[in-house]
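Protein chains in written order, with our numbering: chain D, 238 to 552; chain G, 238 to 552.
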DNA sequence: CCATTTATACTCAAATTGAGCATAATTGGC
DNA sequence: GCCAATTATGCTCAATTTGAGTATAAATGG
């Protein structure tokens with residue numbers, strides 16, 4: 238009577254530099270991108286976190302540091318193709334628990350079937366560092382409008398999610414935006430899941446961003462939103478930076494994660510007041526221009542209990 | 238080879254008035270308090286949320302409104318006594334998914350085996366509305382100190398969690414505080430779980446707050462922390478208030494949830510600027526003193542996209 | 001009708017934010 | 001070797017927000 242259950246663990250492992258934020262991506266047998274993942278074996282694993290660390294280590298050679306749980310998905314509508322379940326019992330229902338891991342540098346993983354990928358490849362509409370991507374006005378907005386029709390609730394959701402009609406763009410809402418596109422049939426996964434369920438394959442509409450296997454892009458969107466929110470009130474940014482860095486490097490890294498430019502002077506001033514970083518006196522040999530001072534993260538400040546995030550003054 | 242898995246769903250259903258915050262509490266066969274819960278049956282349930290709504294309806298007669306997922310626990314150390322698993326396969330490992338539900342009033346549930354309980358009964362150290370509870374300095378601090386001994390990391394965790402030695406009390410950290418007490422053997426559940434695993438029953442040390450079945454108090458602590466954080470940046474407070482309310486009622490309700498007094502004038506001013514509420518011109522017939530104006534929540538403001546929380550200026 | 005209680009209004013200094021302009025120290029042509 | 005371009009860093013100032021106090025208004029209950 239009760240159908241079998243399987244718990245899948247999925248890891249979004251994030252690194253970032255001044256250029257872009259990266260996620261660790263694996264490939265399945267068909268070469269489709271996905272997240273490092275595996276099944277949770279209740280007999281062999283004491284906790285989710287341990288199981289996750291073990292899987293990630295095996296699949297990518299990567300040793301996880303900072304880890305936090307994201308969300309547990311169990312929807313029927315997103316039931317997975319059997320191919321993704323490997324050794325699960327037939328017809329097993331998958332419950333997937335997503336985790337976020339942060340790492341200070343893109344460690345070498347060349348020996349494994351995993352690569353670091355700029356996460357905006359999967360979410361091209363999320364990068365507003367050089368202004369709002371034209372993709373939104375040119376393609377996403379018209380496609381969503383066609384989907385919404387005269388349904389007021391759909392129109393509302395669309396405007397709020399994508400910051401249309403004078404609403405502000407809220408970078409934390411990466412999941413809402415992806416789910417909206419999925420619902421509107423504008424994500425490759427939606428096309429795939431529907432044809433699998435209904436065995437119909439009508440004319441494929443235009444879809445946005447590179448799709449991933451299973452519901453992995455949804456988990457990645459959850460991670461992006463969570464990290465973007467958390468960076469503002471907890472010093473997680475320093476889990477992603479090297480030991481020493483210049484203020485510009487830190488700022489560009491944060492901008493890459495938020496997909497949003499920040500106001501330089503105000504960023505520095507607020508950081509100064511926060512006591513989160515400490516100048517080292519040493520200079521960095523930068524590419525062109527005046528050399529910048531090197532800084533380090535003051536872990537002591539966090540232990541004093543105030544635990545603030547990095548400032549994010551809008552530019 | 239793979240042990241059976243069961244997914245348990247647990248609901249923290251919260252109501253609040255100017256006196257206290259309440260959680261909906263059920264009782265097991267032995268009269269021990271717990272949260273409304275049930276197993277997720279993958280065959281019968283499409284999504285976690287639907288299953289949850291069904292269970293809660295059956296156990297408490299309660300119709301859930303606002304719902305959000307909290308956290309998924311899967312630790313081995315907190316394995317549950319078989320009694321709590323009811324119709325699960327023997328030796329099943331329980332994965333428990335916690336949900337938070339909010340409701341504007343304490344609806345009548347007298348026909349069911351469920352009651353509304355002031356949540357501070359389970360967490361007496363969390364209510365700082367009338368100053369820091371003396372329980373902390375009198376009993377918790379010495380007990381934790383005895384546990385920490387000279388272990389610097391333990392001393393540090395203790396001070397940060399409970400705001401000792403000049404650290405600020407951070408009301409969101411309800412889970413950290415409970416887990417610390419559990420680890421230190423100062424929660425009734427810890428005593429119970431240890432004796433179940435080790436079959437020893439030494440002298441029971443003093444424990445704090447009323448224990449709950451299974452890991453339900455841990456889930457309740459998660460809910461408290463989450464709600465306390467969210468109330469500051471999303472207008473969830475209005476999911477808990479009646480249609481119309483006075484500003485004082487709103488303030489006292491928020492204070493009850495945070496366990497923290499707020500600065501009256503600044504609370505009003507910030508609320509004013511936020512556009513979250515709108516005066517109705519009508520007066521409330523209060524108990525004693527000048528009558529207060531009635532207000533209502535402006536849902537329209539949220540739809541305009543700014544979606545701020547209620548202000549929480551420290552008193 | 002007066003003391004008490006509660007609500008609401010007003011004020012003011014301190015701190016923070018937003019956004020500009022000015023100056024310093026490099027590199028890379030020419 | 002000098003000048004332009006580039007990047008880092010410093011300084012200023014008005015506008016806004018915060019923190020916290022004082023004053024006034026409108027009820028209730030002896």
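Note that beta-carbon positions come from the ideal geometry of N, C-alpha and C, so glycine has one too.
Query                                                                                                                                                                                                   : Result
Looking at the unbroken alpha helix (DSSP H) that takes in residue 333 of chain G, where does it start and where does it end?                                                                           : Careful: residue 333 of chain G lies outside any alpha helix (DSSP H), inside the beta strand (DSSP E) at 330-339.
Taking the DSSP output, what are the residues bridged to residue 270 of chain G?                                                                                                                        : G/264
Grab me the residues of residue 516 of chain D's own chain with a C-beta within less than 7 Å of its C-beta, minus the 5 sequence neighbours each way, in chain order.                                  : 530, 532
Which residues of the stretch 353-369 of chain D have a Cβ closer than 7 Å to any Cβ of chain G? Give them in chain order.                                                                              : none
So, is the C-beta of residue 425 of chain G closer than 9 Å to a C-beta in chain D?                                                                                                                     : no
Got a sec, what are the start and stop residues for the beta strand (DSSP E) residue 306 of chain D sits in?                                                                                            : 303-310
Roughly how far, in whole angstroms, is the beta-carbon of residue 460 of chain G from the beta-carbon of residue 304 of chain G, given that I think they are within contact range, below 8 Å?          : About 12 Å; that fails the 8 Å criterion.
When you compare each of G/403, G/432, G/391, G/521 to residue 414 of chain G by their alpha carbons, which one comes out closest?                                                                      : G/391
Since residue 490 of chain G and residue 474 of chain G should fall inside the 8 Å C-beta cutoff, what is the C-beta to C-beta distance between them, to a whole number of angstroms?                   : 7 Å
Inspect the beta-carbon positions of residue 334 of chain D and residue 309 of chain D and report whether they are closer than 9 Å.                                                                     : yes
List the DSSP bridge partners of residue 443 of chain D.                                                                                                                                                : Residue 443 of chain D pairs with nothing; no bridge assigned.
Going along chain D, which residues have a C-beta under 7 Å from residue 306 of chain G?                                                                                                                : 308, 309
Give the straight-line distance between the Cα atoms of residue 502 of chain G and residue 514 of chain G, rounded to the nearest whole angstrom.                                                       : 16 Å
Give every residue of the same chain whose Cβ lies closer than 7 Å to the Cβ of residue 296 of chain G, excluding the five residues on either side of it in the sequence, and list them in chain order. : 263, 273, 349, 351
Helix, strand or coil, according to DSSP, for residue 515 of chain G in the structure here?                                                                                                             : strand
Name, in chain order, the residues that DSSP records as bridge partners for residue 503 of chain G.                                                                                                     : The partner list for residue 503 of chain G (beta bridge, DSSP) is empty, contrary to what the question assumes.
Are the beta-carbon atoms of residue 249 of chain D and residue 285 of chain D separated by less than 9 Å?                                                                                              : no
When you compare only the Cα positions, how much space is there between residue 547 of chain G and residue 465 of chain G?                                                                              : 11 Å
When you check each C-beta in the stretch 330-343 of chain D against every C-beta of chain G, which residues fall closer than 7 Å?                                                                      : 330, 332, 334
Secondary structure at residue 292 of chain D, three-state DSSP: helix, strand or coil?                                                                                                                 : helix
Quick one: what does DSSP say residue 520 of chain G is sitting in, helix, strand or coil?                                                                                                              : strand
Give me the Cβ distance between residue 343 of chain G and residue 353 of chain G, rounded to the nearest whole Å; I'm assuming they're in contact under 8 Å.                                           : 5 Å
Taking its Cβ as the centre, do 16 or more other Cβ atoms sit within 10 Å of residue 314 of chain D, making it buried, or is it exposed?                                                                : The predicted model places residue 314 of chain D with a pLDDT of 49, which falls under 50 and marks its position as unreliable; any figure quoted below should be read in that light. That one is exposed.
Check for me: the alpha helix (DSSP H) holding residue 493 of chain G runs from which residue to which?                                                                                                 : 484-495
Could you name the residues of the stretch 278-293 of chain G whose beta carbon sits closer than 7 Å to any beta carbon of chain D, in the order they occur along the chain?                            : 278, 279, 280, 283, 284, 285
Along the chain, where does the alpha helix (DSSP H) containing residue 389 of chain D start, and where does it finish?                                                                                 : 389-399
Where does residue 353 of chain D fall in DSSP's three states?                                                                                                                                          : strand
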